[in-house]
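Here's the structure we're looking at; comments come further down.
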Ligand code: MOS
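Numbering (the numbering used here), first residue to last: 72 to 812.
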């Protein structure tokens, strides 16, 4: 059952519109509508705010500004994982970036709130701000640490000496733009007061974090907050933390003692939900003539907003990916008065491998060596930084299997030499690595006398397939058909998980469900052994087989439902918990990651420079797979994000204010079906016994990692032009294209 490509159990209710999302919940009492007013300067303070016109506007019930918000808790920067922290909103007249919320207008209808929001008059004392990343790059500083307390820099051997001695050198700078998560469903919250308590229907990736964040912001007991989030229309990092919609809906609902709904508009998402930092990444590779690396350095410099420091771990993968005796990685931050950074779709590896895997391609070209061969020559026997074994590393297998399936022999080593009519044809490859974080997740599993099974956890399903994979785990361990398992998720009264994020969701929660099932199974067998009325009485339960709703020991057999009905008329339940990475010695003793290889074929119009993806293949080694269909969907979705990073996605800054100019999905381009003609993901069947008892690792973000580099490398192979300033757009490519005919 585990691994089977079954279709999503929540598919039918989603496609028939019966899955309810945060903003859609209805209450007996009609909700009020909140509309957020945002700052139109990039830095400074509110000098005067006149809400009198807005307050007198029809239907308006409240206008909330920094002058009348309740006292709020401060962000606790000491907690290493930010999503649980307080998120003070409208807490001061200071403006730290363009688009920061400055008021919430609450009215009886959405239209009344929108109309009144336009009547809030604000006088700002604007201050000159820093908005230009490149112009401020020399102001970079070293942050104290990375997420999870990882060190900012790392050094092994002597990079400078190794690099100087290397006969072949690559020293390149790659630039990556501001990028956004932008899921379909906007960040939204309906806050409903219930006496002293507060119910929050909120679109969140982590229910427990949403509850904690609201509780510490509003200084109320978390027990008084109930978060409900059974369906989430995508997250990609943008809903790991709650934002102004949730905090302000909660403040307004408590003040007015009525339900209040707030959703961010698409433009507001672009200006107040964090952005992937823009970055400069300098990669230096020093190699012997046979391709063996002697020195690797990755310097990642990115922007941050000084009020809320965020470091993307872009150079992290370089610490463990390739063998080289001399290694150096550094992360630096450039303080700008721009929107703060947050996690966006495979934070770290996504931009990091865009740079590293492009540089590896440049090295292969300099050596006149096949880029797959170059990577194979640099395959490390152990994690080169930590000097510990890998738990399961199959990069070479992914590269070889991909080469076979993709017919890599079609590629010419000499770039710019293959044509198909007016199209220049190129092939690119890149390898993939992604961290496997494991969180503390709990789950409860309950068997009812009718032998239906209920799995419950506050875990979320952000479109990834959580409902389905958790049902599969329980069905397998308890020997039930999958349609007899009901999974309830996304409520804070259920056992707490780490939610969905960083590719830790499915594996952490699946382990919790598995462990709960193990306890339940043990209790079930103990019940059979001690029940004098059971045909299994006193039999050796070690020999028991639990399958298709029956327990069988040798010739004796009884149905699970009879056994439970007789002994546990209220049902039998058990809880399970995953072991977080910091409590599992395997995470110290082994290097635990997921791996893959990307292959891309592109055509570049020789006259116009138009780039069309022709075909893309990923081969991945993510450990054991919980569901082959949802896994493949995740992977090709990630690869599609890679196409966006390579060719399309870029938020452009208005240098006067730090606003994003193309702040909607007409101007901020993401790949659509027409951009993705042929795409496939193959998964190498695996089992990582060091990761956890199920052998499962995260794969949600693996498909993104390296995908963009494979596209860029294919563009180079097609044209002999290397664009290092992402995304690779026509304006950058065309002037360098060789003159044709
Ligand atoms: Mo992910 S960007 O950690 O949801």
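Beta carbons: idealized from backbone N, C-alpha and C, even for Gly.
- Taking C-alpha positions only, residue 486 is separated from residue 663 by approximately 36 Å.
- In chain order, 449, 451 and 455 place their CB closer than 6 Å to the CB of residue 394, counting only its own chain and leaving out the 5 sequence neighbours on each side.
- Contact between residue 585 and residue 403 is absent: CB atoms are separated by about 42 Å, not below the 8 Å threshold.
- Annotated three-state conformation of residue 245 is strand, per DSSP.
- If you look at residue 592, you'll find it isn't in any beta strand (DSSP E); it sits in the alpha helix (DSSP H) that goes 576-601.
- A Cβ-Cβ contact shorter than 8 Å links residue 516 with residue 645.
- Taking C-beta separations shorter than 6 Å and ignoring five residues to either side along the sequence, the partners of residue 106 in its chain run 176, 184, 185 and 188, following chain order.
- Cβ neighbours of residue 588 within its own chain (closer than 8 Å, five residues either side excluded): 516, 544, 545, 548, 549, 645 and 647.
- At a Cβ-Cβ threshold of 8 Å, residue 308 and residue 416 count as neighbours.
- For a cut-off of 8 Å, the C-beta gap from residue 143 to residue 288 is around 5 Å, short enough to register as a contact.
- DSSP, reduced to helix, strand and coil, places residue 332 within a strand of the structure shown.
- Under DSSP, residue 172 shares a beta bridge with 109.
- Using a cutoff of 7 Å, the CB of residue 416 counts as near the ligand MOS, since one of the ligand's heavy atoms is closer than that.
- Counting C-beta pairs with one atom in each stretch, the region 372-390 and the region 331-341 have fewer than three that are closer than 8 Å, which means they do not touch.
- In the DSSP assignment, residue 672 is bridged to 498 and 686.
- Comparing C-alpha distances from residue 801 to each of 728, 767, 717 and 780 shows the shortest one belongs to 717.
- With a cutoff of 7 Å, residue 770 does not count as near the ligand MOS, since its C-beta is closer than that to no heavy atom of the ligand.
- By the 16-neighbour rule on beta-carbons within 10 angstroms, residue 219 is exposed.
- Distance between residue 327 and residue 179, taken at the CA atoms: about 12 Å.
- Three or more beta-carbon pairs drawn from the region 419-434 and the region 779-792 are found closer than 8 Å, and the two stretches are therefore classed as touching.
- The nearest non-hydrogen atom of the ligand MOS is 7 Å or more from the C-beta of residue 419.
- Here residue 168 is actually not in contact with residue 438; their C-beta atoms are around 45 Å apart, not less than 8 Å.
- Distance from the C-beta of residue 276 to the nearest heavy atom of the ligand MOS is below 7 Å.
- Between the alpha carbons of residue 173 and residue 319 lies a distance of about 11 Å.
- In this structure, residue 714 lies away from residue 253, with their beta-carbon atoms at least 8 Å apart.
- Taking C-beta separations shorter than 8 Å and ignoring five residues to either side along the sequence, the partners of residue 681 in its chain run 675 and 801, following chain order.
- Counting only the Cα atoms, residue 520 lies some 6 Å from residue 640.
- The Cβ atoms of residue 305 and residue 667 do not sit closer than 8 Å to each other.
- DSSP places residue 721 in the coil class of the three-state scheme, outside both helix and strand.
- Annotation for residue 688 indicates a beta carbon at 7 Å or more from all heavy atoms of the ligand MOS.
- Listed in chain order, the alpha helix (DSSP H) runs fully inside the region 689-754 are 699-714, counting runs of at least 4 residues.
- Under DSSP, residue 373 forms a beta bridge with 350 and 404.
- Here the alpha carbon of residue 333 sits roughly 5 Å from the alpha carbon of residue 260.
- With a minimum length of 4 residues, the unbroken runs of alpha helix (DSSP H) contained wholly in the region 124-205 fall at 181-188.
- In this structure, the beta-carbon distance from residue 102 to residue 330 falls below 8 Å.
- Here the alpha carbon of residue 761 sits roughly 41 Å from the alpha carbon of residue 683.
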